[in-house]
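So the working numbering is basically just the index in the sequence shown, starting at one, shifted up by 2.
C-beta atoms are modelled at their ideal positions from N, C-alpha and C, and glycine is treated no differently.
No experiment lies behind these values; they were computed from the predicted model shown.
Structure first, commentary second.
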Amino acid sequence: MDLVSELQSILAPGRATVNETILEGHSSDESYHTPHLPDVVVYPKTTEEVSGVVSFANEHQIPVVPFGLGSSLEGSVIPYNRGIIIDMSLMNKVIDVMAEDFLVKVQPGVTRIQLEKELKKYGLFFPVDPGADATLGGMASTNASGTTSVKYGIMRENVRDIEVVMPDGKIIHTGSLAAKSSSGYNLNGLFVGSEGTLGCFTELTLKVHGIPEEIMAGRASFQTTHEAVDAVIGILQAGIPVARVELVDEHAMKEINVYSETDYKEVSTLFLEFHGNAAGLKQDVAFTKEIVNDFNCEEFAFESDTKGRNQLWEARHNAAYAFIHGNPGKKQMVTDVCLPISEMAEAIKDAREAIDASGLVGGIVGHVGDGNYHILLMIDPDNADDIARADKVNERIVEYSLERGGTCTGEHGVGIGKQKYQRREHGPALDVMKQIKTALDPLDLFNPGKVIDID
Ligand SMILES: Cc1cc2nc3c(=O)[nH]c(=O)nc-3n(C[C@H](O)[C@H](O)[C@H](O)COP(=O)(O)OP(=O)(O)OC[C@H]3O[C@@H](n4cnc5c(N)ncnc54)[C@H](O)[C@@H]3O)c2cc1C
3 MDLVSELQSI
13 LAPGRATVNE
23 TILEGHSSDE
33 SYHTPHLPDV
43 VVYPKTTEEV
53 SGVVSFANEH
63 QIPVVPFGLG
73 SSLEGSVIPY
83 NRGIIIDMSL
93 MNKVIDVMAE
103 DFLVKVQPGV
113 TRIQLEKELK
123 KYGLFFPVDP
133 GADATLGGMA
143 STNASGTTSV
153 KYGIMRENVR
163 DIEVVMPDGK
173 IIHTGSLAAK
183 SSSGYNLNGL
193 FVGSEGTLGC
203 FTELTLKVHG
213 IPEEIMAGRA
223 SFQTTHEAVD
233 AVIGILQAGI
243 PVARVELVDE
253 HAMKEINVYS
263 ETDYKEVSTL
273 FLEFHGNAAG
283 LKQDVAFTKE
293 IVNDFNCEEF
303 AFESDTKGRN
313 QLWEARHNAA
323 YAFIHGNPGK
333 KQMVTDVCLP
343 ISEMAEAIKD
353 AREAIDASGL
363 VGGIVGHVGD
373 GNYHILLMID
383 PDNADDIARA
393 DKVNERIVEY
403 SLERGGTCTG
413 EHGVGIGKQK
423 YQRREHGPAL
433 DVMKQIKTAL
443 DPLDLFNPGK
453 VIDID
């Protein structure tokens, strides 16, 4: 069978390809996991075309992997069983901004920065902001979160409805436009975070928020990470509605300063942001200042103008790139875990000991208000010893988190990297997940081998 001409008859000439460069561009994500080529890449433009491709794949038992931007970090998008990559980049329209309902309907290939620009015209914004300019389909699929999740929630809390092409080609909707519903099982919750294993998202309705009247951002520097984390607990306990609170350890601060040409103090630092009106913010900031001082804050610097604020967040968002830039020839191994916030300080202390013991260069950054932190380790992916050391660090921080009621990944997903922890984390619930996967995708064609290993 000539796969390309069969698929082109469903799509259009040029929208199914085996071009080597394109296949290669779809063989990896941003992780250190080994790349693998697909058989063919297709570029649908409509839901019906996606359904046509999926029905064809189902009929001929060909694996299918939906592809957003390829920025995921656990190998979720790598087509280890070859097959068809459905690249969503041509389905990139903002379909409808329902400003009065605080909703937006988008195609899955819309990226978060594209959406931000469009929503700005209406005085609205979408809060979930992973470091990469990921697609909304990919973000829903990994249940992404980011710096604002402490106030606005993660993807799962900001997705109202998804149009999904199921593994047999059928098209369903998982929710509605209503703000709440007691009707039926929560399919939104099931499909968000499914990492392309249950179907292909072709449209998403997302919750949006009004751009706050006033925004203030700042940095609080501490001698120890423990004090920084304790200060965050203090801020949250006081009920201060902080919109962002990010931890960057001293090693990451050093890399940031070089890369972003900043001269921030090179100690454990909280990056903070507050949203509201001028009077309210004044109070929030004054109260926060009192609290951080109780935890021996060494410096509390505020950026009230837009330029300083943008520089601050750009520096934070570029932390991963700062390590890459500062360690030429190395690749980054990023891992994330999430645990109850009261366990954070000791967890990060243990993580730092693990990094130091590994001998690898590494930093810690965290969405600390959510109890979620990341380790950025610089490795040579061709050096088995580097990989073994990085795996050991990963293993240790995951074990630490699971022992304390946490999870092996707060936001990056399972992919293949976190698969070995699934039984330990979920116990018999993993069998329920397998039953769901088998019921919805009996031929195991959708992103096989990811999240759940059916064999
Ligand atoms: C520098 C950097 C910083 C990052 N920071 C964060 C962070 O702060 N928070 C965070 O959560 N993540 C972060 N990430 C990881 C990454 O950006 C997210 O996982 C993101 O959600 C992936 O989106 P994507 O469009 O690149 O999806 P891809 O990588 O293309 O795909 C990811 C998964 O989604 C599936 N998928 C994609 N599109 C669809 C669709 N239409 N229907 C069904 N399934 C689909 C794929 O099959 C795959 O399983 C970061 C990555 C980088 C490189």
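Is Asp251 helix, strand or coil by DSSP? Here DSSP, grouped into helix, strand and coil, assigns Asp251 to coil.
Three CB pairs or more closer than 8 Å across the stretch 186-200 and the stretch 114-122: A contact between stretches requires three or more CB pairs, one per stretch, nearer than 8 Å, and the stretch 186-200 fails this requirement with the stretch 114-122.
Does the stretch 210-217 come within contact of the stretch 315-330, defined as at least 3 CB pairs closer than 8 Å? The stretch 210-217 vs the stretch 315-330: no contact.
Does the Cβ of Pro110 lie closer than 7 Å to at least one heavy atom of ligand 1? Indeed, a heavy atom of ligand 1 lies less than 7 Å from the Cβ.
If I follow the unbroken alpha helix (DSSP H) through Ser1, where does it start and stop? This structure does not reach residue 1, given that the chain is present from 3 up to 457, and the question cannot be answered.
Can you give, in chain order, each stretch of the beta strand (DSSP E) that sits fully within the stretch 103-181 and has at least 3 residues? Runs of the beta strand (DSSP E) inside the stretch 103-181: 105-108, 161-167 and 173-175.
Same chain, Cβ closer than 8 Å to Gly451, neighbours up to 5 away in sequence not counted: Same-chain partners within the cutoff: Tyr82, Asn83 and Ile418.
Which same chain residues end up closer than 6 Å to Asp443 when comparing Cβ atoms and leaving out the 5 residues on each side of it in sequence? Once the five neighbours on either side are set aside, the close Cβ partners of Asp443 are Pro169.
DSSP state of Lys267 mapped onto helix, strand, coil: Residue state, collapsed to three classes: coil.
Cβ distance (whole Å) where Glu229 is taken to contact Glu165 below 8 Å: That pair is no contact at about 47 Å.
Out of Leu274, Glu252 and Phe276, point me to the one whose CA is closest to Asp265's CA. Nearest option by C-alpha distance: Glu252.
Are the stretch 26-39 and the stretch 3-11 touching by the rule of at least three beta carbon pairs closer than 8 Å? Fewer than three pairs of CB atoms, one per stretch, sit closer than 8 Å, so the stretch 26-39 makes no contact with the stretch 3-11.
Reduced DSSP category for Lys436 - H, G, I as helix; E, B as strand; rest coil: In this structure, Lys436 counts as helix in the three-state DSSP scheme.
CA nearest to the CA of Leu25, picked from Leu179, Leu447 and Ile80: Nearest C-alpha to Leu25: Ile80.
What number of angstroms, rounded off, separates the C-alpha of Val363 from the C-alpha of Phe325? Straight-line Cα distance between these residues: approximately 9 Å.
By alpha-carbon positions, which one of Val43, Ser344, Leu378 and Asp433 ends up nearest to Ala356? The option with the nearest alpha carbon to Ala356 is Leu378.
Taking the alpha carbon of Asp163 as the point to measure from, which residue in Lys123, Thr137, Lys209 and Gly148 has its own alpha carbon closest? Considering only alpha carbons, the answer is Lys209.
If you measure from the CB of Pro68, is any heavy atom of ligand 1 nearer than 7 Å? At least one heavy atom of ligand 1 is nearer than 7 Å to the Cβ of Pro68, so yes.
Closer than 7 Å to a non-hydrogen atom of ligand 1 - does that hold for the CB of Thr1? No answer is possible for residue 1: the residues shown for the chain start at 3 and end at 457.
Is Val336 helix, strand or coil by DSSP? Note: Val336 maps to strand in three-state DSSP.
Whole angstroms are fine: how far does the CA of Glu301 sit from the CA of Ile456? Rounded to the nearest angstrom, the two C-alpha atoms are 52 Å apart.
Pick out whichever of Ser91, Asn145 and Leu126 has its Cα sitting closest to the Cα of Glu102. Closest by alpha carbon: Leu126.
Excluding the 5 residues preceding and the 5 following Lys291 in the sequence, name in chain order all residues of the same chain whose CB lies nearer than 7 Å to its CB. Excluding residues up to 5 positions away in sequence, Phe302 lie with their Cβ nearer than 7 Å to the Cβ of Lys291 in the same chain.
On the premise that Val67 lies in contact with Ile87, defined as a C-beta separation below 8 Å, what is that separation, rounded to the nearest angstrom? So it is a contact: roughly 5 Å between Cβ atoms.
Residue interval of the alpha helix (DSSP H) (run including Gly373): No alpha helix (DSSP H) contains Gly373, which DSSP labels as neither H nor E.
Quick one: grab the DSSP three-state call for Val99. Reduced to three states, the DSSP call for Val99 is strand.
Grouping DSSP H, G and I as helix and E and B as strand, with all else coil, what is Ser74? It is coil, neither helix nor strand.
Among the residues of its own chain, which have a CB less than 6 Å from the CB of Ser403, if the five just before and after it don't count? Val339 and Leu341.
Ligand 1 heavy atoms versus the CB of Ala245: any closer than 7 Å? No.
Continuous beta strand (DSSP E) assignments of at least 3 residues falling wholly in the stretch 27-57: Annotation: the stretch 27-57 contains the following complete segments of the beta strand (DSSP E) (minimum length 3 residues), in chain order: 42-44.
Within the present structure, is the beta-carbon of Gly85 separated from the nearest heavy atom of ligand 1 by less than 7 Å? No; taking the cut-off as 7 Å, the Cβ of Gly85 has no heavy atom of ligand 1 nearer than that.
Cα separation between Val400 and Trp315? If you draw a straight line from the Cα of Val400 to the Cα of Trp315, it comes to about 28 Å.
Check Ile64 in the structure and name its three-state DSSP category. If DSSP states are grouped into helix, strand and coil, Ile64 belongs with coil.
Might you give, ordered along the chain, the residues of its own chain that have their beta carbon closer than 6 Å to the beta carbon of Met335, omitting 5 neighbours on each side? These residues qualify, in order along the chain: Tyr34, Leu379, Ile381 and Ala392.
Can you tell me whether Ala390 is buried or exposed, with buried defined as 16 or more other CB within 10 angstroms of its CB? Ala390 counts as exposed, since fewer than 16 other C-beta atoms from the protein chains shown sit within 10 angstroms of its C-beta.
Ordered along the chain, which non-local residues of its own chain (more than five positions away) have a Cβ less than 6 Å from that of Thr337? Once the five neighbours on either side are set aside, the close Cβ partners of Thr337 are Ile377 and Asn396.
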